[in-house]
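Protein chains in written order, with the working numbering: chain H, 5 to 255; chain C, -6 to 364.
Just so it is clear, CB atoms sit at the ideal spot from N, CA and C, and this is done for glycine as well.
First comes the structure, then the notes that go with it.
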Amino acid sequence: MLKVDSVSFRYAGGEEPVLRQLSIDVPAGGIFGLLGPNGAGKTTLISILAGQLHAASGRITVDDAPLEDLRRREPASLGLVPQEFAFYPMLSCAENLRFFGGVQGLGGARLRERVAAVAAFARIENVLARRAGELSGGLRRRLNLAIGLLTEPRVLLLDEPTVGVDPQSRSFLLDSIRALAGEGRTILYTSHYMEEVEAICDRVAIIDAGRVLRQGTLAELLRDEAAVVTVRQGRSLEQLFMHLTSRSLRD
Amino acid sequence: MRRLIRTLTALWLKEWLALSRDVHGLAVLFLMPAAFIVIMSLALSDVFRDGAGRPVEFAVLASDASTAVHLTDGIAGEGFKATRAPASEAAAREQVRKGSPALVLVVPERFGADPSATLTLLADPTLPPIQIAAFLQRVHGATLAVKSSSPALNLEVVGNPHGGRPSSVQQNVPAWLIFGMFLVVMPISALFIAERRDGTLARLVSQRVPFSMLLLGKIGPLFVINLVQTALMLAAGRTLVPWLGGESLAMPARWDLLAAVAACTSLAAIGWGLLVAVASHTIEQATVIGGVGTILAAALGGIMVPRFVMPESMQAWAALSPMAWALDGFHAVMLRQGSAVDIALPCVKLLGLAAALLAAALWLHHSRRAA
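Below, the structure is given as structure tokens:
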């Protein structure tokens, strides 16, 4: 289990903290959806989990061991698929995969094997020789996902992995993510698409202004009495989300 | 250890592929300095020739004041300007070593009375032979006013590791090579900022690739590119410039010292590029900071305007530019065939700067990551 306990963070020079005593429990072998409007702190939390930022306070553990220890002991145990196309457009897909595998210590036959495996999983075998910058949006998303899977991480952080893709690619990506969870991984999934979260996540946390507003299984959230008062029709996740985070515009 | 080697190999290979596919970056690094070398070497060849525009300073060192005055008056003119005589022959040698004055005529005692007395001319080796020959002719003419027969004259060329004037090609090849090396700021910052913007840097950090390793991954390929630049720019000075009608570049006697100066210059240039890359938020910002900084350092450091034509006050400011340190190093090796001692100071300065710039880049990166 990935446990985030009372984590706070403030950017240097920022007036307000971005995360305020935020706590979530992400069980192993499932997909945990992290929902929140723009500026809620989702990407900051992902960046802290990925080791890009240091939390000012709080504790993050995986199976009761500090996350930092796990990352130090097994650097490849945590995979990140950022919302940006985080690869080199001037390199081919194969060169990108070999590079990201190489920097994580893969080499020789093992690297070739993993490149072939993730390319097959993401169905990008046919475009391996093409420059990444020349790919369509859907193929780029699939390459982005494939890179995150090179080391077969135990914990996978997916930051809006389906942004800007067509319905076919989205459906493929969601099926792929479900398959990854089936292999016993812990997956933290952020998205703005409520229907995606409803479709694939076992547990959900709705956060805003750096705080957790609700967390639990989808059924638990929709049973929330306070929400039911307002959400009179349908009890959809989107209605609950709008109720909890208010309708004011964010940036 | 195996992981570190694989990581570094992957970073070097990626950087090499990325740079080799950056056509504009390669043009900036190779074509631009080569074009500058050819154009400036040809355009300024007359300005540098025989010290054109500025007379050569000389002094006459004689124990007999009237002999000194007669000889000085007889020699002065036609591009030779008299200056105050040094206190002793040792002082004269030291001054000629520094290039000022470029010529000192040492007159022995009883020169007028002793028919076997021999004159000694201490000369700066960077003076063109034709200028030394012209001076000797004027010396012979002037001595006839002092004694009836022309005396024997011993010419001694004094080693000159710190001063002297280069020819056009000797000035322009190392100068524009250094400028080209510092232009690595452009491709470094463009690629680094793109990596940060596109999230690849964040992804690498999440994969526990240390930032110092990322910087090391950039230093290796760029260092090789700078050395290739050095070889190609010297080749341009050796072959292209004379083919187009200019003077051919004289090659150094000590290639190992040349490689050492080039390596130190490269590390300073890469350090500058990495600091600009880390400090800048956008490619536009890096282009302005890196481009303007490089051009200012070049203008100040004697790249665009040789230092020896600058007024003394400006020459003092020029000594602050890392490009001036690099130029000192290249001139010590290529112009004066100097030794390891002669390049030590410029190399230490360049390496110190490289270390300071890299440390600043690391500090800036870590301070931004902290909450």
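{"Check": "Helix, strand or coil at H/A60 according to DSSP, with G and I counted as helix", "Outcome": "coil"}
{"Check": "The beta strand (DSSP E) enclosing C/V49, as first and last residue numbers", "Outcome": "49 to 55"}
{"Check": "Where C/Q130 falls, given that 16 or more other Cβ within 10 Å makes a residue buried", "Outcome": "exposed"}
{"Check": "Nearest-angstrom beta carbon gap, C/A78 and C/A61 [assumed within contact, 8 Å]", "Outcome": "7 Å"}
{"Check": "Partner residues on chain H for C/G192, Cβ-Cβ distance less than 7 Å", "Outcome": "P86, E88, A90"}
{"Check": "Residue from C/G286, C/L320, C/L289 with nearest C-alpha to C/R300", "Outcome": "C/L320"}
{"Check": "H/M94 at chain C interface by Cβ criterion, 7 Å", "Outcome": "yes"}
{"Check": "Minimum C-alpha distance to C/L35 - residue among C/A337, C/N165, C/I276", "Outcome": "C/N165"}
{"Check": "Any chain H beta carbon closer than 7 Å to C/A195", "Outcome": "yes"}
{"Check": "Proximity test, Cβ basis, 7 Å: H/F103 and chain C", "Outcome": "yes"}
{"Check": "Pairwise C-alpha distance: C/P26 and C/A20", "Outcome": "9 Å"}
{"Check": "Cβ-Cβ distance between H/D163 and H/T194 below 7 Å", "Outcome": "yes"}
{"Check": "Residues of the region 2 to 22 of chain C with Cβ closer than 8 Å to any Cβ of chain H, in chain order", "Outcome": "T2, A3, L4, L6, K7, L10, A11, R14, D15"}
{"Check": "Boundaries (first-last residue) of the beta strand (DSSP E) holding H/D29", "Outcome": "23 to 30"}
{"Check": "Within chain C, partners of H/R75 - CB distance below 8 Å", "Outcome": "R201"}
{"Check": "Beta strand (DSSP E) runs wholly inside the region 56 to 119 of chain H, at least 3 long, in chain order", "Outcome": "61 to 66, 82 to 85"}
{"Check": "Residue-chain proximity (C/T275, chain H), Cβ-Cβ < 7 Å", "Outcome": "no"}
{"Check": "Closest residue to C/L289 among C/G331, C/A311, C/A270 (Cα-Cα distance)", "Outcome": "C/A311"}
{"Check": "Secondary structure of C/T60, DSSP reduced to three states", "Outcome": "helix"}
{"Check": "DSSP-derived helix/strand/coil call for C/Q330", "Outcome": "coil"}
{"Check": "Cross-chain neighbours of H/P79 in chain C, by beta carbon under 7 Å", "Outcome": "Q200, R201"}
{"Check": "Sequence-distant residues of the same chain with beta carbon closer than 8 Å to C/H274, five excluded per side", "Outcome": "I186"}
{"Check": "Cβ distance (whole Å) where C/L207 is taken to contact C/L197 below 8 Å", "Outcome": "6 Å"}
{"Check": "Chain H contact for C/R(-1) (CB, 7 Å cutoff)", "Outcome": "yes"}
{"Check": "Neighbour-count burial assignment, H/D67, 16 or more Cβ in a 10 Å radius", "Outcome": "exposed"}
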